[in-house]
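Keeping their order, the protein sequence lines are chains H and D.
Heads up: the first sequence is residues 1 to 305, going by the numbering used here.
Heads up: the second sequence is residues 306 to 588, going by the numbering used here.
Glycine included, each C-beta is placed from N, C-alpha and C at the ideal position.
Accompanying notes for the structure given below.
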Amino acid sequence: MQELLLQTKGLTKQFGRFKAVNQVSIHIKRGAIYGFIGRNGAGKTTCLKMISGLSTPSSGEIELFGYRGRELSQVRSRVGCLIETPGLYGNMTAYENLKIKCELFGIRKVGYIEEILKTVGLEDVGKKKTKHFSLGMKQRLGIGLALVGEPDLLVLDEPINGLDPQGIVEVRDTILSLKEDRNMTILISSHILEELSKIATDYGIIHRGSLLQELTSEELMQRCCERIEVVLEEPKRAVPVLDSLGFRNYQVVDKEHIHIFERLNESAQVNMALAKAGILVKGISITSEELETYFLNLTGGAAND
Amino acid sequence: MINMLKMDFYRMFRTRSMYVIWVIMIVSIIFTTALAAEEYDQQEEMTASQQEEIANRNTSPENVNLGMSVIVPTEDGRNITVFDMIYANAQAKCIALFLVIFTVIFSTADINSGYIKNIGGQVSKRWQLIISRAGVLFVFTILSLLIFVLAQAFGNWIFLENFQWGDAGDFLRYMGIQILLHYAFVVICMTIAILLKNNVFSMIIAICLCMNVMVILYSLVDQVAAKLGFTEFHLLEHTVTGNMTLLSMTPDKQACLSGIGVAVLFTLAMALIGSFVLEKRDI
């Protein structure tokens, strides 16, 4: 199993009687881009704040790089974050904003700030004050600030929120290059599923403060992709039949369903083989699910809004 | 901690409002010196007893007035020295007013801009951010008071005849204690700003403190104390703003110790409160 860089156990944050985050246990592998999906107000930001050390959990535990409890303070500097809107001094330039953080980290390396500006595509902003930046530029500078000190884990909260399509592409490219060039582990939250699906390798779905599901990109695609869906009474009995037909990519989902992800034009043969084996097929269809629909079904549908 | 100080120094020297405040302070000092010089010419006609009465009325703990009044302590027939003017301005908390305006802006800049989110989670001991801030504000206080002294000296040189510094020993002793008291006041305002996270309210409170608004409360406490038998108790004497006002130009040992004690105590207590709050509070 791949090494876990971050895991939480029963992470909870309570404001009065309201539990903003309730018993969340997430697991993030080293080098992963972990997409944290949830609607507005689901508890994503609160969760990320606790992971970033900006907020104290009411209960539960965070384990980062193998450190937990009081030891966490030793590795906090290895977590860079951009939570909510980027926090910038509007009357200063991008360089000065980065310089302030470099001073905190004791970074004196010549050209370091220029390199970060280049990484986030802001090398040409010159002496422009950040208050005159577009939202996309601010977001990228926010990511740049999170990169100061070469963090191993980058926490990005809704980094594409409010951006125009061009801005979204720029931020997405920046994130992908960080993963590829620096092998950084990235925890990124969003409610824009289509965008997350373009970069994430793992997902955690949070709803009303609780983590509903954790799955890899492959698992999610499998659950959403086109497939033969067979409804029958005893799926276990169907397994040898499917094996004899040469099917390899299928999944027994529950007590009534089998999903077959290959040779989608052979549903009739499947039906016949199962019938010959004496297995009663209640239904067989070719179906698929949008990522959005999958998410909505999981979180109780649009009616829950 | 050293890196935090470097960060805050970098931030402070790149905060434009600091320079704006210094410029306004210099201009107002020179302007008030010009006014004082004019008034002094008129006052020369007054009797020495009248002046003494005014001076006494404004420095006894029972009679600290609301608002800001600058009384030059120069006796009749003598030249106004730089020390006289500095005493008058410091006592009236004119300089403190400039200091606290910047303090509030500087202390909450990272909280209001959200910049603290970039660093708050990555520092192992968040309370050190307050200590660092307080350290930088100490340098700001010293620099501001130095600029104040130089501006005052320049004003005296321009507008008053017979330029004189005043007694050097008394001046240094007085300034030393006033630096500590002004710094304590700065730390109080820093903590208020951090607690409230609101520039407007923090600044109103800071200005009200400069304007002696709290004397209303102090007098109530004094009355209660008097009813309990502590007739000689004056709360004002145990406050930072009270000591700033009551400190005489030639303080005796008791007054020096009282001023230093109050300044140190308030500085430590407020820095401690600020540190505790920032450490425990969610960002």
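Against D:ILE400, what residues of chain H qualify as contacts under a CB-to-CB distance less than 7 Å, listed in chain order? The contacting residues do not exist; D:ILE400 stays about 25 Å from chain H at best.
For the segment 563-570 of chain D against the segment 538-549 of chain D, do three or more pairs of beta-carbon atoms, one drawn from each stretch, fall closer than 8 Å, so that the two count as touching? yes
Considering H:GLY204, what are the terminal residues of the beta strand (DSSP E) in which it resides? 202-207
Alpha carbon of H:VAL155 to alpha carbon of H:SER210, nearest angstrom: 19 Å
Answer with buried or exposed for H:GLY162, where buried requires no fewer than 16 other C-beta atoms within 10 angstroms of its C-beta. exposed
For H:ARG17, count neighbouring C-beta atoms within 10 Å of its own C-beta (all shown protein chains included) and say buried if the count is 16 or more, exposed if not. By the Cβ-count criterion, H:ARG17 is exposed, with fewer than 16 other Cβ atoms from all chains shown falling within 10 Å of its own Cβ.
On the three-state DSSP scale, how would you describe H:ALA277? The DSSP-derived three-state label of H:ALA277 is coil.
Give every residue of the same chain whose Cβ lies closer than 6 Å to the Cβ of D:MET306, excluding the five residues on either side of it in the sequence, and list them in chain order. GLN433
Can you pull the DSSP bridge partners for H:TYR250? H:ILE260
Output yes if chain H places a C-beta closer than 8 Å to the C-beta of D:MET508; else output no. no
Could you tell me whether any Cβ in chain D is nearer than 8 Å to the Cβ of H:SER190? No, H:SER190 lies away from the interface with chain D (no Cβ there is under 8 Å from its Cβ).
Quick one, which of D:PHE336, D:ASN517 and D:THR413 has its alpha-carbon nearest D:PHE506's? D:THR413
So H:ASP157 is in the beta strand (DSSP E); what residue range does that whole segment cover? 153-157
Taking Cβ positions, are H:GLU5 and H:ILE28 nearer each other than 8 Å? A small correction: the amino acid at residue 5 of chain H is Leu; Glu does not occupy that position in the sequence shown. Yes, they are a contact pair.
What does D:ASP587 reach in chain H if we use C-beta pairs closer than 8 Å? LYS49, LEU54, SER55 and THR56
D:TYR420 versus chain H: which residues are under 7 Å apart at the beta carbon? GLY87, LEU88 and TYR89
Can you give me the C-alpha to C-alpha distance between D:ILE482 and D:VAL444, rounded to a whole angstrom? 15 Å
Quick check on the DSSP output: the beta strand (DSSP E) that includes H:LYS9 runs from which residue to which? 4-15
At a Cβ threshold of 8 Å, is H:PHE36 touching chain D? Among the CB atoms of chain D, none fall inside 8 Å of the CB of H:PHE36.
Beta strand (DSSP E) runs wholly inside the segment 182-241 of chain H, at least 3 long, in chain order: 185-190, 202-207, 210-216 and 227-232
Checking 8 Å against the spacing of the C-beta atoms, do H:LYS44 and H:SER217 come in under that value? No, the Cβ-Cβ distance between H:LYS44 and H:SER217 is not below 8 Å.
At least 3 beta-carbon pairs within less than 8 Å: the segment 111-124 of chain H vs the segment 74-87 of chain H: no
Can you give the beta carbon distance from H:LEU54 to D:GLY425, rounded, assuming they're within the 8 Å contact cut? 5 Å
Along the chain, where does the beta strand (DSSP E) containing H:GLY80 start, and where does it finish? 79-82
Got a sec: which bits of the segment 415-448 of chain D sit with their beta carbon under 8 Å from any beta carbon on chain H, in order along the chain? ASP415, SER418, GLY419, TYR420, ILE421, LYS422, ASN423, ILE424, GLY425, GLY426, GLN427, VAL428, SER429 and LYS430
Are the beta-carbon atoms belonging to H:ILE37 and H:LEU264 less than 8 Å from one another? no
Please report the straight-line C-alpha distance between H:ALA303 and H:VAL253, rounded to a whole angstrom. A caution first: H:ALA303 carries a pLDDT of 42, below 50, which makes its placement in the model unreliable, though a value can still be read off. Between H:ALA303 and H:VAL253, the C-alpha separation is close to 26 Å.
What does the alpha-carbon distance come out to for the pair H:HIS132 and D:ALA560? 53 Å
Run through the DSSP bridge pairs and tell me what H:PHE18 is partnered with. Within the DSSP secondary-structure output, H:PHE18 pairs in a beta bridge with H:PHE15.
What is the DSSP secondary structure of D:PHE468, reduced to helix, strand or coil? coil
Which first and last residues belong to the beta strand (DSSP E) in which H:PHE36 is found? 33-37
Name, please, each residue of chain H whose Cβ falls closer than 8 Å to the Cβ of D:ARG316. Chain H residues near D:ARG316: TYR89 and ILE100.
Could you tell me which residues DSSP puts in a beta bridge with H:ILE62? H:THR8
Measure the C-alpha to C-alpha separation of D:ASP415 and H:THR56 and round it to an integer number of angstroms. 20 Å
Residue-level contact to chain D via CB, H:ARG76, 8 Å cutoff: yes
So with Cβ pairs under 8 Å, would you call H:SER177 a contact of chain D? no
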